[in-house]
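Peer 1: For what it's worth, this note's numbering labels the leading residue of the sequence shown as 27, then goes sequentially.
First, the structure itself, so that you have it in front of you.
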Amino acid sequence: MPAVSKGDGMRGLAVFISDIRNCKSKEAEIKRINKELANIRSKFKGDKALDGYSKKKYVCKLLFIFLLGHDIDFGHMEAVNLLSSNKYTEKQIGYLFISVLVNSNSELIRLINNAIKNDLSSRNPTFMCLALHCIANVGSREMAEAFAGEIPRILVAGDTMDSVKQSAALCLLRLYKASPDLVLMGEWTSRVVHLLNDQHMGVVTAAISLITCLSSKNPDEFKTCVSLAVSRLSRIVSSASTDLQDYTYYFVPAPWLSCKLLRLLQCYPPPEDGAVKGRLVECLETILNKAQEPPKSKKVQHSNAKNAILFEAISLIIHYDSEPNLLVRACNQLGQFLQHRETNLRYLALESMCTLASSEFSHEAVKTHIETVINALKTERDVSVRQRAADLLYAMCDRSNAKQIVAEMLSYLETADYSIREEMVLKVAILAEKYAVDYSWYVDTILNLIRIAGDYVSEEVWYRVIQIVINRDDVQGYAAKTVFEALQAPACHENMVKVGGYILGEFGNLIAGDPRSSPLVQFNLLHSKFHLCSVPTRALLLSAYIKFINLFPETKATIQEVLRSDSQIRNSDVELQQRAVEYLKLSSIASTDVLATVLEEMPPFPERESSILAKLKKKKGPGAVSVELEDGKERGELNGGGDRGGDAAIAASNASTPSPSADLLGLRSAAPVSGAAPSAGSLLVDVFSEAGPAATSAGVNDDGFLSALHAPEASDSPLVEGPGDSDSAPPTAASEDPAPPLPESDELLNKFVCKNNGVLFENQLLQIGIKSEYRQNLGRMYLFYGNKTSVQFVSFNTTVSCPGELQSQLNVQTKTVEPLVEGGAQVQQVINIECLTDFIDAPLLNIKFRPQQEAQKIFKASHGMDTEVLKAKLLGLGTALLENVDPNPENYVCAGVIQTKAQQVGCLLRLEPNAQAQPGEQMYRLTLRSSKDTVSQRVCDLLAEQF
């Protein structure tokens with residue numbers, strides 16, 4: 027780069043900066059700046075032409091004033107003029123001013139682009155670098171459009187100097203990140219990749235940054251870079267520090283380039299070429315070996331560079347997950363860092379071991395460091411390191427050490443930082459759920475969790491323990507006894523009261539034989555907590571009281587007296603008042619049989635996905651390390667379930683208003699219409715999804731007690747038409763007249779004149795909910811279409827039309843809805859409405875869909891559930907029995923084809939026996955899907971009679 031002569035010192039600029047620094051106050055500084063701006067403006071507008079030096083000096087002053095925080099509204103043209111100078115310092119100041127003060131919308135952008143083109147074609151390396159730096163600094167779309175085709179040519183040209191190649195590679199990377207659609211490599215791809223073989227290390231370092239970014243988006247186009255990257259990495263790793271003197275950093279050869287090469291290789295799977303793979307494994311082994319060597323310098327820069335390469339190599343080993351020897355060695359190396367005096371190294375070691383724990387090759391090696399990790403959890407001063415230690419304990423947990431890890435995490439919870447308590451609670455709940463072989467241990471763990479960190483126990487967690495207890499007969503008595511004892515503590519958390527109210531309301535009879543836990547004692551214990559609880563918990567306790575009347579008739583008079591008190595039937599909260607009145611009336615007029623039927627024990631929960639795990643993933647983000655619930659036998663060790671609408675008092679415990687994206691209809695928390703009993707493989711499944719409680723409680727708030735079980739209601743929304751079964755293309759408002767509206771549409775609308783959300787329409791197949799918001803003459807409606815069946819809706823299509831004069835009174839815009847609606851799921855549609863003038867009629871909503879051809883039947887077993895007999899019957903039907911298809915090995919899956927002259931009808935069959943039930947109570951669930959509806963139903967009916 028040219029040397030700066032003494033004449034380029036710009037004495038006037040130095041004097042101005044000195045004056046600014048000597049100002050005693052802000053007012054004095056502003057006064058001096060305004061004086062200088064007036065002087066510069068007069069110089070630029072004067073009749074006398076300024077030379078290059080003067081322009082440079084004044085433009086520098088403007089730039090300094092801008093950096094002080096003052097607006098600059100002139101001088102841009104003078105800066106552009108400096109770009110055409112042949113002096114380096116003048117051109118440099120011009121480009122600096124342009125990079126800082128000119129935006130992409132400036133009128134001068136065309137002049138600037140012309141000046142840049144002249145410098146790029148000048149073949150002067152200094153001027154070319156200045157131009158490339160300006161393009162990268164501005165990085166606008168206009169710059170990308172103008173130069174995206176020119177820069178790759180400069181990058182791969184044989185006569186381009188190395189310094190220009192470096193600038194061109196980094197400039198192209200900047201443009202690609204800003205406008206990837208404009209930077210098309212095409213014919214330049216192979217030549218850019220071969221820059222990895224360039225003799226100049228600076229060019230290789232710059233080029234690999236570009237190639238890594240391009241490879242992450244288009245891996246197939248740049249896959250040839252793998253062998254070149256391995257070759258270059260091998261040369262660096264095997265070289266001594268004296269071989270690369272210019273690129274050796276504290277005795278570590280080219281550490282930045284080594285890290286970039288290792289990061290590039292993580293964009294691809296292990297090399298298929300045996301020679302390349304062997305060379306790469308040798309490089310990784312060399313890096314691990316060098317990590318064991320004594321340091322060549324005591325300075326921190328040496329250890330930082332050395333460890334940076336090591337951690338990047340370990341990340342590559344984890345990414346490949348195919349070399350057991352390397353994985354174990356990496357784990358052992360990280361284990362040494364767990365007790366290092368550097369906090370950052372301990373943090374990185376814990377973070378990397380979290381990923382190693384998920385590999386089948388290194389999981390056992392990670393478990394050997396459990397004591398060190400537990401000690402880190404207890405003694406580390408830095409909360410972020412303690413959090414990583416908790417993450418590693420969660421990742422290394424398996425059946426052999428689950429009780430130890432859960433106990434340590436519970437112990438740590440008592441003193442844990444508030445910022446990580448909620449996450450710790452979720453992890454303890456998931457581990458206890460996944461690895462519990464003893465249900466009493468699981469119940470003890472969750473109740474202990476509530477006792478220690480009750481404020482951080484989300485509803486998903488205590489919902490889960492309820493699900494487990496209800497689905498497992500052998501733990502119900504123990505759970506009732508344990509929660510009864512927990513409620514006797516003087517200070518009892520509200521979540522414990524919720525669990526106690528639910529479990530004692532359902533299974534209090536199992537411990538009523540003990541005089542210490544007689545029915546009246548149970549009731550008095552629960553009622554002693556009543557006045558200390560929030561409204562949702564009180565509502566749950568009232569439901570438990572009415573359950574007590576069914577379980578223990580001797581408590582009827584006492585409970586009725588409580589319900590009859592003014593504090594209940596005249597409660598200021600409408601929800602509590604309505605429950606008290608209805609429960610009191612129900613217990614007074616209903617016969618014993620009716621009461622037993624209405625308040626019968628809750629059925630087992632149906633199978634759903636775990637919401638505790640989903641909540642943890644959401645909290646940790648997409649990169650979180652998670653322990654998935656296992657399939658097959660391990661999943662069968664705990665039974666969970668889904669939500670149900672049976673006890674709305676429990677479901678209403680979380681009163682909030684759902685957001686437009688929430689589960690407005692509560693479909694995620696509603697049991698399937700069929701009421702299917704779970705199969706033998708039903709386990710740890712969730713019904714209380716994240717939006718479920720909020721959705722249900724919203725219904726309670728709007729519609730009163732047990733609204734989820736009452737007839738569907740409507741909202742101020744378009745009229746609804748019944749679902750169709752047409753297979754034709756989706757109709758549009760312009761091409762097809764809508765069907766006539768439902769007869770009860772006016773009644774549905776009138777109910778919701780004063781409400782903005784609720785259930786608009788419901789039948790056996792479909793539920794439609796609405797949430798709307800308005801601002802002046804504009805409105806937005808969120809329609810939620812819920813599939814109440816267990817089969818898919820295909821060709822799902824909705825159309826909103828405005829008949830007659832309504833077209834000139836309303837402007838309606840709809841967004842398309844997903845054409846496939848899974849069983850038990852819901853989809854959302856947004857409708858934007860503009861009110862042009864007053865109107866009387868309402869728009870019409872036309873819905874068409876076709877249920878998938880599936881039939882399902884649940885029936886009581888007529889014969890014993892003998893495995894061989896069941897297989898013989900299924901094979902006798904003429905179907906093929908498919909082994910290891912269903913995650914539950916106790917289920918039977920078959921496939922076959924029914925031959926007719928007209929067509930072939932394919933059939934899939936699944937038979938789920940509930941073998942765990944007592945003899946006489948065993949059930950089957952039979953699901954049959956075929957390519958024809960009538961065939962599915964008929965075959966399902968025939969087979970149901972055979973078992």
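All C-beta atoms, glycine included, are put in the ideal place defined by N, C-alpha and C.
Remember, predicted model here, so these are calculated numbers, not experimental data.
Quickly, what does DSSP pair R951 with across the bridge? List them, please.
Peer 2: For the purposes of this step, residue 951 is identified with residue 925 of the sequence shown, where counting begins at 1. Answer is I884 and E938, bridged to R951.
Peer 1: Looking only at DSSP bridge pairs, what is Y114 linked to?
Peer 2: What you label residue 114 is simply residue 88 of the sequence shown in a count that begins at 1. Per DSSP, Y114 has no beta-bridge partner at all.
Peer 1: Any contact between the stretch 157-176 and the stretch 130-149? By contact I mean 3 or more CB pairs, one from each, below 8 Å.
Peer 2: Between the stretch 157-176 and the stretch 130-149 there are three or more C-beta pairs closer than 8 Å, enough to call the two in contact.
Peer 1: Write down the C-beta distance between L314 and Q359 rounded to the nearest angstrom, noting that I regard them as a contact closer than 8 Å.
Peer 2: The residue you call residue 314 lines up with position 288 of the sequence shown. The residue you call residue 359 lines up with position 333 of the sequence shown. Indeed they touch by this definition, with Cβ atoms about 6 Å apart.
Peer 1: Hey, L382 and I344: beta-carbon distance below 8 Å or not?
Peer 2: Within the sequence shown, numbered from 1, the residue matching residue 382 stands at position 356. Within the sequence shown, numbered from 1, the residue matching residue 344 stands at position 318. The answer is yes: Cβ separation under 8 Å.
Peer 1: F824 lies in the alpha helix (DSSP H); which residues open and close that run?
Peer 2: Here residue 824 refers to the residue found at position 798 of the sequence shown. The displayed chain sequence assigns Thr, not Phe, to residue 824. T824 -> not in any alpha helix (DSSP H); beta strand (DSSP E) instead, spanning F819 to S827.
Peer 1: DSSP three-state label for R179, please.
Peer 2: For the purposes of this step, residue 179 is taken as the residue at position 153 of the sequence shown. Of the three classes helix, strand and coil, the one that applies to R179 here is helix, per DSSP.
Peer 1: First and last residue of the alpha helix (DSSP H) that includes V463?
Peer 2: As a first step, residue 463 is located in the sequence shown; it is residue number 437 there, counting from the start. First-last for V463: undefined, no H or E at that position.
Peer 1: From L219 to Q192, what distance separates their C-alpha atoms?
Peer 2: Walking along the sequence shown from the start, residue 219 turns up at place 193. Walking along the sequence shown from the start, residue 192 turns up at place 166. Reading off the sequence, residue 219 comes out as Val, not Leu. Computed Cα separation, rounded: 14 Å.
Peer 1: Quick one: residues in its chain with C-beta nearer than 7 Å to the C-beta of E971, no 5 flanking neighbours on either side, listed in chain order?
Peer 2: To locate residue 971, count along the sequence shown from 1; it is residue 945. Counting only Cβ-Cβ distances below 7 Å, and skipping sequence neighbours, we find nothing.
Peer 1: Nearest-angstrom Cα distance between K507 and I537?
Peer 2: Taking the sequence shown and counting its residues from 1, one reaches residue 507 at position 481. Taking the sequence shown and counting its residues from 1, one reaches residue 537 at position 511. C-alpha separation (whole angstroms): 6 Å.
Peer 1: The alpha helix (DSSP H) spanning C160 covers which residue range?
Peer 2: By one-based count along the sequence shown, residue 160 stands at place 134. Taken as a continuous stretch (DSSP letters only), the alpha helix (DSSP H) holding C160 covers P151 to V164.
Peer 1: Give me the DSSP bridge partner(s) of A921.
Peer 2: Position 895 of the sequence shown, counting from 1, holds the residue named residue 921. A921 is bridged to A906 and L934.
Peer 1: Rounded to whole angstroms, how far is the Cβ of Y989 from the Cβ of L903, which I believe are closer than 8 Å?
Peer 2: In the structure as shown, the chain begins at 27 and stops at 973. Residue 989 is therefore absent and cannot be evaluated.
Peer 1: Can you tell me where the alpha helix (DSSP H) holding F875 begins and where it ends?
Peer 2: Within the sequence shown, numbered from 1, the residue matching residue 875 stands at position 849. Per DSSP, F875 belongs to no alpha helix (DSSP H); it is in the beta strand (DSSP E), L870 to P877.
Peer 1: Less than 8 Å separating the beta-carbons of Q852 and Y811?
Peer 2: For this step, residue 852 is matched to residue 826 along the sequence shown. For this step, residue 811 is matched to residue 785 along the sequence shown. Contact: yes.
Peer 1: Extract the residue ranges of the alpha helix (DSSP H) inside the stretch 300-330, only unbroken runs of 4 or more that lie entirely within it.
Peer 2: 300-318
Peer 1: Determine the direct distance from the alpha carbon of Y346 to that of N427, and round the result to whole angstroms.
Peer 2: Residue numbering aside, residue 427 sits at position 401 when the sequence shown is read from its first letter. Residue numbering aside, residue 346 sits at position 320 when the sequence shown is read from its first letter. Roughly 27 Å separates the two Cα atoms.
Peer 1: Going by beta carbon distance, what residues of the same chain come within less than 8 Å of M1040, once the five residues before and after it are set aside?
Peer 2: A question about residue 1040 goes unanswered here, because the residues of the chain that appear run from 27 up to 973.
Peer 1: Just to confirm, is the Cβ distance from E469 to V501 under 8 Å?
Peer 2: Here residue 469 refers to the residue found at position 443 when the sequence shown is read from its first residue. Here residue 501 refers to the residue found at position 475 when the sequence shown is read from its first residue. For clarity, residue 469 is Val in the given sequence; the question names Glu instead. Result yes, Cβ atoms of V469 and V501 sit closer than 8 Å.
Peer 1: Return the chain-ordered list of same chain residues with a C-beta closer than 6 Å to the C-beta of L968, the five sequence neighbours on each side being excluded.
Peer 2: Within the sequence shown, residue 968 is the residue found at index 942, counting from 1. Closer than 6 Å at Cβ, skipping near neighbours: no residue.
Peer 1: Select from L374, Q594, M422 and K814 the residue whose C-alpha is nearest the C-alpha of E386.
Peer 2: To locate residue 386, count along the sequence shown from 1; it is residue 360. Checking every option, the nearest Cα to that of E386 belongs to M422.
Peer 1: What is the C-beta distance between L208 and A266, in whole angstroms, given that I count them as a contact (C-beta under 8 Å)?
Peer 2: Your numbering for residue 208 matches position 182 in the sequence shown. Your numbering for residue 266 matches position 240 in the sequence shown. 44 Å between Cβ atoms; not a contact.
Peer 1: How is R47 classed by DSSP in three states: helix, strand or coil?
Peer 2: Position 21 of the sequence shown, counted from the start, is the residue given in the question as residue 47. Helix.
Peer 1: Whole angstroms are fine: how far does the CA of E520 sit from the CA of C197?
Peer 2: Here residue 197 corresponds to residue number 171 of the sequence shown, with the count starting at 1. Here residue 520 corresponds to residue number 494 of the sequence shown, with the count starting at 1. About 60 Å.
Peer 1: Identify whether R806 lies in helix, strand or coil by the three-state DSSP scheme.
Peer 2: To locate residue 806, count along the sequence shown from 1; it is residue 780. Of the three classes helix, strand and coil, the one that applies to R806 here is strand, per DSSP.
Peer 1: On the CB-based measure, 16 or more other CB atoms within 10 Å of its CB, does Q793 come out buried or exposed?
Peer 2: If you number the sequence shown from 1, residue 793 lands on position 767. Classification of Q793: buried, given that the 10 Å Cβ count is 16 or more.
Peer 1: Excluding the 5 residues flanking L134 on each side, which residues of the same chain have their C-beta closer than 8 Å to its C-beta?
Peer 2: Numbered from its first residue, the sequence shown carries residue 134 at position 108. H102, M103, V106 and V128.
Peer 1: Excluding the 5 residues flanking G649 on each side, which residues of the same chain have their C-beta closer than 8 Å to its C-beta?
Peer 2: In the sequence shown, residue 649 corresponds to position 623, counting from 1. With a pLDDT of 43 at G649, under the threshold of 50, the predicted position of this residue should be treated as unreliable, and no value is reported.
Peer 1: With a CB to CB cut of under 7 Å and the five nearest residues on each side skipped, what residues in its chain are close to R590?
Peer 2: Position 564 of the sequence shown, counted from the first residue, corresponds to residue 590. Same-chain partners within the cutoff: L610.
Peer 1: On the DSSP bridge list, what partners appear for I796?
Peer 2: Against the sequence shown, residue 796 aligns to sequence position 770. Beta-bridge partners assigned by DSSP to I796: G784 and L809.
Peer 1: From C357 to S957, what does the alpha carbon distance come to, in whole angstroms?
Peer 2: Locating residue 357 in the sequence shown gives position 331, counting from the first residue. Locating residue 957 in the sequence shown gives position 931, counting from the first residue. Rounded to whole angstroms, C357 to S957 spans 53 Å at the Cα level.
Peer 1: Roughly how many whole angstroms lie between the Cα atoms of G718 and H328?
Peer 2: To locate residue 718, count along the sequence shown from 1; it is residue 692. To locate residue 328, count along the sequence shown from 1; it is residue 302. Here G718 scores only 35 on pLDDT, less than 50, and its place in the model is too uncertain to base an answer on.
Peer 1: Should R407 be labelled buried (16 or more other beta-carbon atoms within 10 Å of its own) or exposed?
Peer 2: What you label residue 407 is simply residue 381 of the sequence shown in a count that begins at 1. With fewer than 16 other Cβ atoms within 10 Å, it is exposed.
Peer 1: Out of I340, K286 and P915, state which residue places its alpha-carbon closest to the alpha-carbon of V307.
Peer 2: In the sequence shown, residue 307 corresponds to position 281, counting from 1. The residue with the shortest Cα to Cα distance from V307 is I340.
Peer 1: Taking C155 as the reference, which of I142, R167 and S166 has the closest Cα?
Peer 2: As a working mapping, residue 155 is identified with position 129 in the sequence shown. Measuring from the Cα of C155, the nearest candidate turns out to be I142.
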